[in-house]
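Residues in the sequence shown are numbered consecutively from 1, following UniProt numbering. Think of the CB as a built atom: it goes at the ideal place given N, C-alpha and C, for glycine as much as any other residue.
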Amino acid sequence: MEACKILSGQRYTKRLNERQITALLRGTCQRPRDRENDIMQTVRLNAYAQDPYAKEFGIKISEKLASVEARILPAPWLKYHDAGKEKDCLPHVGQWNMMNKKMINGSRVSRWACVNFSRSVQVMVASVFCSELAKMCQDSGMEFNPEPVIPVYTARPEQVEKALKYVCNASASKGKELELLIAILPDNNGSLYGDLKRICETELGLMSQCCLTKYIFKVSKQYLANVALKINVKMGGRNTVLMDAISWRIPLVSDIPTIIFGADVTHPENGEDSSPSIAAVVASQDWPEITKYAGLVSAQAHRQELIQDLYKTWNDPGAADILQESYWTKAFENHILQACASLEPNYQPPVTFVVVQKRHHTRLFANNHKDRSATDKSGNILPGTVVDTKICHPTEFDFYLCSHAGIQVMCGPLVYFVAVQSEPRQTNICEVHKICFSCTSSILCTLGCLFVLGSMSNRARRDNGSCSAAKSNCVTAEFAVRPLPALKENVKKVMFYC
């Protein structure tokens, strides 16, 4: 028998459990001032000026941070329903709330039910929570029936499929097919969340909203309002729109009918040699407001960067889903133009590819962390801060934009690189910032990128999670990939992934 001794301090590449993830996040949470001090300390300890290799190559590294000029873009005015006391809103430091406001387009929920999978939540407590949530949905502008089709149903997590089908059948027996399911989950629910979503979206065709136990006992209006916003968009409503959009004042976007696409390919973790990659594409539907996005996801060959089956022809021009994230020129020439020509001969609309990069090591700090005109309470740079000089490409069109607010820890900017433009300087940085305002806070990136990066790809990876446990059944040949479970037609039409 041979034994191997593993050296300590090596990078662990496997998936962490929830406790480890929590500990990791807690240990890496730093305020901007602390992060800057750590960076400066590392530079001093490394002593690059005395490094023989740096000297050999003639590399000189300053011990001071680079000073760059930045602009702070103004927040856009948001429009809410005229029935509310406040019909419009100007976000402050990237944040606002739903107080005295109503959704611009509230959806209707007539038939709903609740399933409780948490042992610590009593039926009465769950019923009170659902009543409070229904009232909040009504107050926010939705037509929400305050009474569920059936009483709260309690089930064990391991019986999720049986419980969901029972609730649906019990409702159908009363002649009321469910539109929405509210699920109360344990705080540590393992695979329960993924199983529930998969069953609802691919088998039952049912919208679902999950709530953790920790929020059930200490119900806050802020939490209920946030959940109401999620339910509204899942059911086909819209929470708010840009004032500039409804008044046709967004340059380029308001001039001609425009679709904003988002696309991404996520790959399996290290060690999963046979699991497929997941391609996701979303596209805006409601020009000129651009708030609703339809999405598609698919599995493709392992580590395949180029989105396969990129070009599809449909009878409905609105269903031509096309985009690619990394091979921009090739996608433009081979797929975009091909798709446009299939809709109408000689149809060549202006097209812009913007690549959004999240994983980079550039951090932006204010010169004075105490300057409230340039920083928020946590010391982060203000939402809307953009840098497009000095540290950007000298000839290409790219820029750094921090559109979201830092609540406690350091927030990093995103890099936007304009890869292909049908018309020179077509992309307007200010308009990119405006479409980063959603829910009740500005977000990390534009809506299309957010949905495809976070919700769509992660949900597809979750639905495909069983492949990791049975790799031999996932990829039987080099390009043979098991397709993801098909979504029900009514699910495809709404933003189910929010």
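- By the CB criterion at 8 angstroms, residue 254 and residue 245 fall inside the cutoff.
- For the options 412, 422, 408, 404, the alpha carbon positioned closest to that of residue 432 is the one of 404.
- Beta-bridge analysis with DSSP links residue 101 to no other residue.
- Annotation for residue 182: the continuous beta strand (DSSP E) segment containing it runs 180 to 185.
- In the DSSP assignment, residue 217 falls within the alpha helix (DSSP H) that extends over 213 to 217.
- For residue 387, the enclosing beta strand (DSSP E) covers residues 385 to 387.
- Taking each of 394, 115, 385 in turn and checking the Cα distance to residue 178, the smallest one comes out for 115.
- Note on geometry: alpha-carbon atoms of residue 394 and residue 400 lie some 14 angstroms from one another.
- Straight-line spacing of the CA atoms in residue 351 and residue 215 works out to 44 angstroms.
- Residue 68 is classed as exposed because its beta carbon has fewer than 16 other beta carbons within 10 Å across all chains shown.
- Secondary structure note for residue 224: its alpha helix (DSSP H) is the uninterrupted segment 221 to 234.
- A residue is called buried once 16 or more other Cβ atoms fall within 10 Å of its Cβ, and residue 438 is buried on that count.
- Sequence-distant partners of residue 257 (beyond 5 residues in either direction) whose C-beta falls short of 7 angstroms from its own C-beta, in its chain, are 287.
- Sixteen is the threshold: when 16 or more other Cβ atoms of the shown chains lie within 10 Å of the Cβ of residue 195, as they do, the residue is buried.
- If you compare the alpha carbons of 275, 411, 415, 125 with that of residue 481, the shortest gap goes to 275.
- Residue 361 sits away from residue 303, with the two beta carbons spaced by 8 angstroms or more.
- Taking every protein chain shown into account, the CB of residue 367 has fewer than 16 other CB atoms within 10 angstroms, so this residue is exposed.
- Straight-line measurement puts the Cα of residue 378 at about 30 angstroms from the Cα of residue 188.
- Assignment of residue 159 by DSSP, reduced to helix, strand and coil, places it in the helix class.
- By the Cβ rule, the stretch 218 to 228 does not count as touching the stretch 197 to 206, because fewer than three pairs are nearer than 8 angstroms.
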